Amino acid sequence: MDIVYLNDLRIDTIIGIYDWERRIKQTVCLDLEMATNVAKAAASDNIEDALDYKAIAKRLINFVSSSEFLLVETLAEQAAQIILTEFGVPWLRLKVDKQGAIRGAQGVGIIIERRQPEMTSPP
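Here the sequence shown is numbered in UniProt numbering, starting from 1 and rising by one per residue.
If you want it as structure tokens, here you go:
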């Protein structure tokens with residue numbers, strides 16, 4: 001498998017457990033690695049044969065910007081499920097970075113890997 005990636009997708013959303021976090025939008029940064037096979041797209045030079053990272057980015061922007069999760073874990077899990085199910089990605093690694101959440105740290109967050117149920121090992 002090949003990897004299509006999307007780095008530093010910045011989206012403003014309501015995220016956090018504290019009262020002040022529920023009143024403002026904060027920026028989360030998403031990094032994605034998604035397994036795919038680029039051979040058909042490379043041969044045809046046609047977007048219809050490719051994993052459309054622009055469509056994925058637009059879907060994530062719409063989803064995340066309208067969400068109001070307490071935890072980055074919930075945000076990551078639901079975003080991963082959207083990519084797996086709606087775009088047919090067999091495996092992905094997703095990093096969610098909540099910048100500025102901890103004083104003195106550039107960012108904090110989580111990295112998850114998810115795959116379609118029938119896939120037994122990462123690419």
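Glycine included, each C-beta is placed from N, C-alpha and C at the ideal position.
The structure presented is a predicted model; accordingly, all values stated were derived computationally and were not measured.
Residue i - partner residues in DSSP beta bridges
{"i": "Phe69", "result": "Ile15"}
{"i": "Asp2", "result": "Thr36"}
{"i": "Ile61", "result": "Per DSSP, none; premise fails for Ile61."}
{"i": "Ile82", "result": "None; Ile82 has no bridge partner."}
{"i": "Leu75", "result": "Paired residues: none, contrary to the question."}
{"i": "residue 165", "result": "Lying before the first or after the last residue shown, residue 165 is absent from the chain, which here runs from 1 to 123."}
Unbroken alpha helix (DSSP H) run spanning residue i, endpoints
{"i": "Ala105", "result": "Here Ala105 belongs to no alpha helix (DSSP H), and DSSP marks it neither H nor E."}
Inter-residue CB distance, residue i and residue j (contact presumed, cutoff 8 Å)
{"i": "Val64", "j": "Ile110", "result": "That belief does not hold up - the Cβ atoms of Val64 and Ile110 are roughly 14 Å apart, past 8 Å."}
Helix, strand or coil at residue i according to DSSP, with G and I counted as helix
{"i": "Ala50", "result": "coil"}
{"i": "Lys95", "result": "strand"}
{"i": "Arg22", "result": "helix"}
Limits of the unbroken beta strand (DSSP E) element including residue i
{"i": "Glu33", "result": "Gln26 to Thr36"}
Short CB-CB distance (under 9 Å) between residue i and chain C
{"i": "Ile56", "result": "Absent here is chain C; the protein component of the structure consists of one chain."}
The region 85-101 / the region 17-33 touching (three or more Cβ pairs under 8 Å): yes
Is the region 101-110 touching the region 50-61 in the sense that three or more CB pairs, one from each, lie closer than 8 Å? no
Quick test of the definition: if touching needs 3 or more C-beta pairs under 8 Å, does the region 1-21 touch the region 30-40? The region 1-21 is in contact with the region 30-40.
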